[in-house]
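Below: the structure, in structure tokens.
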Amino acid sequence: WKDHLLALDHLKEGISLRAYAQRDPLVEYKRESYELFAEMKERLEQELVRYLMMLEPMSREERLEAEARQRREQERIFAAASAAKEGVDV
């Protein structure tokens, strides 16, 4: 996304030269900025598909284990916050 904004800034800087070629700079900017957007969208779609293809579903046991780990971590954080509120070290 940041690269896209940088590319638009570069396009904006150089678009005034199009007037020398008897072209409307606004029309050229709109056309080229749309092309940049379409390219960015295509890259995002490709990255998303690549990421989704690498995912592996978790088995029921793995999911339950992960949920239990997450619950324990939340309980630990809650206990630490409660102890800090009371001024006790955990």
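Position 63, counted from 1, in the sequence shown is what full-length UniProt numbering calls 63; the numbers after and before it change by one each time, with no gaps.
Using N, Cα and C, we set each Cβ at its ideal position, and we do this for glycine too.
What number of angstroms, rounded off, separates the C-alpha of residue i from the C-alpha of residue j?
i: L11; j: L17; result: 10 Å
i: P57; j: Q70; result: 18 Å
i: L8; j: L55; result: 33 Å
i: E45; j: E13; result: 28 Å
i: E47; j: R23; result: 35 Å
i: L26; j: V49; result: 35 Å
i: M40; j: Y20; result: 29 Å
i: W1; j: R31; result: 19 Å
i: E73; j: A80; result: 11 Å
i: E62; j: L6; result: 43 Å
i: residue 165; j: I77; result: Not covered by the structure: residue 165. The range shown for the chain is 1 to 90.
i: A66; j: A83; result: 26 Å
CB residue i to CB residue j, shorter than 8 Å?
i: H4; j: L36; result: yes
i: Y29; j: I15; result: yes
Taking 8 Å as the CB-CB cut-off, is residue i touching chain C?
i: K2; result: No chain C appears in this structure, which consists of one protein chain only.
Which of the three DSSP states is assigned to residue i in this structure?
i: S33; result: helix
i: Q22; result: coil
i: E75; result: helix
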